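The C-terminal position of the sequence shown is numbered 1604 in this note's numbering, with every residue numbered one higher than the one before it. Positions of the beta carbon are idealized from the N, C-alpha and C atoms, including for glycine. The model shown is predicted, which means the values in this text are computed figures rather than measured ones. Below is one structure, written out as structure tokens, with a few remarks after it.
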Amino acid sequence: MYTIHFETLGCKLNQIETESIARFCADAGFGVTMAHSTASQAETAPVLSIVNTCTVTAKAEQKARRIIRMLLAKFPFSAVLVTGCYAQVEKAQIEQIDSRIVVVPGTAKDTLADFPQFFMDLLTKAGAPKTAEEAAALAKDLRAWQPLRQIPAEQTENRLKPNSKDTKAIESINKFRLATDSFMHHSRGSIKIQDGCSNRCAYCRICIARGESVSLAPAEVLKRVRDIESGGQTEVVLTGVNLTLYRGTLQTESGERKMDFADLLEYLLENTDTISFRISSLYPERVDDALCRIIAHKRVRPHFHLSVQSGSNAILKAMHRPYTAETVVAAVENLRKAKDNPFIACDIIAGFPGETDKDFEQTQELCRKCRFTYIHAFPFSPRPGTEAYTMKNQIPQRIAGERVKWLSDFACKSKTEYAKSFEGKTLKAVVEKRETNIGKAVTENFLHIYIEENKQTLKDLAGKEVSVLIKQALDISGKDEETEATAVLVCDGA
1111 MYTIHFETLG CKLNQIETES IARFCADAGF GVTMAHSTAS QAETAPVLSI
1161 VNTCTVTAKA EQKARRIIRM LLAKFPFSAV LVTGCYAQVE KAQIEQIDSR
1211 IVVVPGTAKD TLADFPQFFM DLLTKAGAPK TAEEAAALAK DLRAWQPLRQ
1261 IPAEQTENRL KPNSKDTKAI ESINKFRLAT DSFMHHSRGS IKIQDGCSNR
1311 CAYCRICIAR GESVSLAPAE VLKRVRDIES GGQTEVVLTG VNLTLYRGTL
1361 QTESGERKMD FADLLEYLLE NTDTISFRIS SLYPERVDDA LCRIIAHKRV
1411 RPHFHLSVQS GSNAILKAMH RPYTAETVVA AVENLRKAKD NPFIACDIIA
1461 GFPGETDKDF EQTQELCRKC RFTYIHAFPF SPRPGTEAYT MKNQIPQRIA
1511 GERVKWLSDF ACKSKTEYAK SFEGKTLKAV VEKRETNIGK AVTENFLHIY
1561 IEENKQTLKD LAGKEVSVLI KQALDISGKD EETEATAVLV CDGA
């Protein structure tokens, strides 16, 4: 059996898209490996590695190049297919690394739904490469695949110049073809309901890499949710680049009904039976009374992630963010009214151009006031093609790093305190599927826990929802492992 190896960087969208491509490959007869590979790890060489990349920061792109080079060195007789947002904006740069590389731009990623059968037919005729030269020849054949040759040239390059106001990118034929109702690597189901972004935040080039916002029709979202529910999944994550941009039209007997994200969520709750919904990310200005009334439903998980970025109104304005620090505070208060002690996380950028000590102090004050359960903090990374790339008053890396450290330390302490508040309480949790994660589970409020139970029992429960009693919160400061508490089973999973 020919094997295809997958590596994924970046957001939840990339993760679900990788899962979907892997499912198409498995259905075509390929073996699939999805665990992260390392240079020293002994593995059977795949015939192809697929790397799904990210372009949010320069560090993400550096990591992608490092993984690509590692795979080329570790599997010298294999080709590497690179896709995702980095592949969209820096196609030529990636192709220059090695002749064994095939680049599929991010906006053409959906063509990979048709790729596995073509690739299997090609291997059936020619066999697997046995030399680096044959691997390069295979890559050349893959680049000649008809769907890739039909991609317009402007879709494969970064067309935006610094300070450009034109954020429109060529749309792929169907941005929602990559979907699956059975998941090989993740324990919880996910559905991409929205893609792209029509905002023009000064620091971000996702609008360049993924194009303008598009949404999956409400009826199709419901169909996919029902497919996952009927397959035995107890939870589904609704994902998108910016869920607050969701706009759909439902055809009804009385005519068309326009829907935003709150309307969609209510529609899904009304037309499903048992499955629970987890929301991947929200913009603060859209956490209003209408949305909070719906997320108060018992089948909406008490876990929310807010795209915050800064606590300084001056910096938020410079970023072109459509809200203020006061809006963030109101959103957090609304979420806590809707749910009892929810997990509330956020993103914050430290060191945006012009961020003064006073600006950062305002961010610190916002963190204290909102008591965020966790903060994904990272230093500002100037991205080519964005307004912030050429802004003056760039902040030294040392200062940005110090600010990130404060945010990260605050986040670790806050998450530990949050976990402690659940000691002695019973929660629902989904048991991890992955062999390397035996004993681990994720609770309804997004605590990563270790269940003290024999391995065979936990293997039998993989992917299922169970009830657990939280025994002890763990100090996560200075640790890479993401486990916040220990727990014991309260009842058998179903």
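Check	Outcome
Throw me the rounded Cβ distance for the residue 1216 and residue 1202 pair, which I believe falls under 8 Å.	So it is not a contact: roughly 15 Å between Cβ atoms.
Measuring CB atoms only, is the segment 1524 to 1541 touching the segment 1551 to 1570, in the sense that at least three cross pairs come out at less than 8 Å?	yes
Please go through the segment 1415 to 1502 and give each complete alpha helix (DSSP H) segment of 4 or more residues, from N-terminal end onward.	1423 to 1429, 1435 to 1448 and 1467 to 1480
Using only CA atoms, which one of 1114, 1151, 1253 and 1318 lies nearest to residue 1494?	1318
By the three-class DSSP mapping on this structure, what secondary structure does residue 1194 have?	strand
Quick test of the definition: if touching needs 3 or more C-beta pairs under 8 Å, does the segment 1366 to 1373 touch the segment 1410 to 1423?	no
Counting only beta-carbon separations shorter than 9 Å, does residue 1587 have a partner in chain D?	No chain D appears in this structure, which consists of one protein chain only.
Can you list, in chain order, the residues of its chain whose CB lies under 6 Å from that of residue 1111, leaving out five sequence neighbours each side?	1141
Nearest CA to the CA of residue 1394: which residue from 1376, 1379 and 1445?	1445
Output the distance between the C-alpha atoms of residue 1548 and residue 1569, rounded to the nearest integer angstrom.	7 Å
Taking the alpha helix (DSSP H) that residue 1126 belongs to, which residues open and close that run?	1122 to 1137
Bridge partners for residue 1367 per DSSP, in chain order?	1360
Does DSSP put residue 1171 in a helix, in a strand, or in coil?	helix
Along the chain, where does the alpha helix (DSSP H) that runs through residue 1225 open and close?	1225 to 1236
Name, in chain order, the residues that DSSP records as bridge partners for residue 1560.	1550 and 1596
Just checking my contact of residue 1457 with residue 1419 at CB under 8 Å: how many whole Å lie between their CB atoms?	6 Å
In this structure, how does DSSP classify residue 1585 when only helix, strand and coil are distinguished?	coil
Identify whether residue 1350 lies in helix, strand or coil by the three-state DSSP scheme.	coil
Based on the DSSP secondary-structure assignment, which residues constitute the bridge partners of residue 1305?	1324
Would you identify the three-state DSSP class for residue 1248, choosing helix, strand or coil?	helix
As a quick exercise: from 1500, 1491, 1424 and 1440, pick the residue whose alpha carbon is nearest that of residue 1469.	1424
Return the bridge partner residues of residue 1162 from the DSSP annotation.	1118 and 1193
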